[in-house]
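Below is one structure, written out as structure tokens, with a few remarks after it.
Residue numbers (full-length UniProt numbering), protein chains in the order written: chain A, 1 to 279; chain B, 1 to 279.
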């Protein structure tokens, strides 16, 4: 239902990444989508960031700002889809990149599990995902190049999967000698997960393994802390922190942390079968 | 040696990510660094992209463009450091994000292994890494949200590490049920690596596992191909392709591919110890 007198337009839904925080790390593609939006939907602080960007560029008086609370990703996605199906130009905003532990998957879940009467309309919508600078890469850039070789990326929130899955993934990632990035390492409601993560890492990695605790990168609250696995404590992480763990070759030069591009055969114990596995 | 009559300036080196190709996916932070540069250093097509951006914004007549061939990353990094040490404002450009299989690690390697007479000066330089949209996230955005859950990122070029390391990492990543992103899957000089990768994946993953072949995303040559592991052939990849492999829960809805945020316990065989491992 198009409710304005403007020529009928086809609804459109863009799921846009706002990057880690600084407005100058938002791509022009995302800025243009926000300028053309009738409705911006997202978690409250991200809607505020999108609004700051639009106002910096002179404002867009027609836009409706739909800010919602955390942990209502599916409802937010359904709301955005319903608005787009009415013919509106909707932008769902995520921090970082929308495809990394953010709103893109939630929107496609909402489409897949749409109410029967919406299913066809939602599948026909013009949906676009607009990438952004994800937190681990903003954090890595500040520290140097700790993810400069093969790496993995794990969400530590066990709202979304059993802890046993997380533990097994961390164990296998350490065996593979991946550098690692951990999102959502610690919250007030689940302080124990990150304690367990440090125990897991200590059981498999050497005490001198380098870690980067990167909090609120690119914002006024930015704080970067580099230490060894032996020195790391659970209090170094909170929900605004991304935690990076180097691989066995990660090193420091001056004030920077980096992982060499080359992986020397002499460091390559991982090429051998794991103890106890079949030959 | 500052050779102009302008007030002496401290040299500066920014290692900047140009994103996957489209100029509107370059952050304003990177654009500003290019506007303020005296020297831009990089692989030929990336220098051309940086130049197109600067010219689109009205040009910067004073800038020197230093384009070099592929596979000379260390020499390029040394050249950039030497220019910055002379007091120049240098930007090293990478495609994608400079911290993901790109120039950031090469610059820190060059600093670590600097000639003795340069070592102190290079370590004191103002070096900044400016993040960009990395290829796997641009590719994932075009496909939907295939990396919407824990994932890993592997460079298939065996110039940088023995094939045995790659093979072991792929095996462990499949055991962990990570979604996977592969950079540099195939070149004319080493066509066999990607053949072996498909064999490895077929030995561990079900034939219906979803894959995305994303070539030259955001450029006029963009081509996206979604298929199952059973349907994949080596010819689907080249050096301009990023290959994404879903996890066991990755699915299609309409024309999109996505990996759900939730990982259900019933899908969580990976939580069990691997066969043959100690209890």
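Where is the CB? At the ideal position from N, CA and C, for every residue including glycine.
Query, Result
"Min CB distance residue 268 (chain B) to chain A below 8 Å", "Because residue 268 (chain B) carries a pLDDT of 48, less than 50, the predicted location of this residue cannot be relied on, and no value is offered for it."
"Cutoff 6 Å; reference residue 180 (chain B); Cβ partners in own chain excluding five residues on either side", "152, 173 and 245"
"Residue range of the unbroken beta strand (DSSP E) whose run includes residue 79 (chain A)", "Segment 73 to 85 is the alpha helix (DSSP H) holding residue 79 (chain A); no beta strand (DSSP E) there."
"Residue 154 (chain A) in three-state terms, based on DSSP", "strand"
"Residues that residue 151 (chain A) contacts on chain B, provided the C-beta gap is smaller than 8 Å", "152 and 153"
"Alpha-carbon spacing of residue 83 (chain B) relative to residue 213 (chain B), whole angstroms", "39 Å"
"Where the beta strand (DSSP E) through residue 13 (chain A) begins and ends", "12 to 17"
"Limits of the unbroken beta strand (DSSP E) element including residue 54 (chain B)", "Taken as a continuous stretch (DSSP letters only), residue 54 (chain B) belongs to no beta strand (DSSP E), being part of the alpha helix (DSSP H) at 44 to 56."
"Cutoff 8 Å: residue 97 (chain A) Cβ touching any chain B Cβ", "yes"
"Cβ separation of residue 47 (chain B) and residue 67 (chain B), assumed to be a contact under 8 Å, to the nearest whole Å", "4 Å"
"Distance cut-off 7 Å: residue 156 (chain A) Cβ against heavy atoms of the ligand HEM", "Absence of the ligand HEM from the depicted structure is noted, as is the absence of any ligand whatsoever, leaving it without description."
"Residue 58 (chain B), buried or exposed, once every other Cβ within 10 Å from all chains shown has been counted against 16", "exposed"
"Meets three-Cβ-pair contact criterion under 8 Å: the stretch 70 to 88 of chain A and the stretch 9 to 29 of chain A", "yes"
"Residue 190 (chain B), DSSP secondary structure in three states", "strand"
"Sub-8 Å separation of residue 93 (chain A) and residue 44 (chain A) beta-carbons", "no"
"CB contact below 8 Å: residue 262 (chain A) versus chain B", "yes"
"Close beta carbons around residue 131 (chain A), own chain, < 6 Å, minus the five adjacent residues each side", "17 and 97"
"Residue-chain proximity (residue 148 (chain B), chain A), Cβ-Cβ < 8 Å", "yes"
"Outcome for residue 72 (chain B) when other beta-carbon atoms lying within 10 angstroms are tallied against a minimum of 16", "exposed"
"Given residue 231 (chain B) as reference, the closest of B:258, B:202 and B:250 once Cα atoms are compared", "B:202"
"Residue 145 (chain B) beta carbon less than 8 Å from that of residue 228 (chain B)", "no"
"Any C-beta of chain B under 8 Å from that of residue 77 (chain A)", "no"
"CB of residue 107 (chain B) within 8 Å of CB of residue 80 (chain B), strictly", "yes"
"Interface residues of chain A facing residue 230 (chain B) [CB-CB closer than 9 Å]", "What residue 230 (chain B) touches in chain A: nothing, since even the nearest Cβ is about 23 Å away."
"Collapsed DSSP secondary structure at residue 108 (chain B) in the structure displayed", "helix"
"C-alpha gap between residue 70 (chain A) and residue 76 (chain A), whole angstroms", "10 Å"
"Secondary structure of residue 275 (chain B), DSSP reduced to three states", "A caution first: residue 275 (chain B) carries a pLDDT of 42, below 50, which makes its placement in the model unreliable, though a value can still be read off. Residue state, collapsed to three classes: coil."
"For residue 230 (chain B), the three-state DSSP class (helix, strand or coil)", "coil"
"Cβ-based burial, residue 223 (chain B) [other Cβ within 10 Å; buried from 16]", "exposed"
"Beta-carbon gap between residue 242 (chain A) and residue 183 (chain A) smaller than 8 Å", "yes"
"Minimum C-alpha distance to residue 137 (chain A) - residue among A:177, A:29 and A:215", "A:215"
"Alpha-carbon spacing of residue 226 (chain A) relative to residue 24 (chain A), whole angstroms", "25 Å"
"Beta carbon proximity, residue 259 (chain B) to chain A, threshold 8 Å", "yes"
"Residue interval of the alpha helix (DSSP H) (run including residue 35 (chain A))", "28 to 35"
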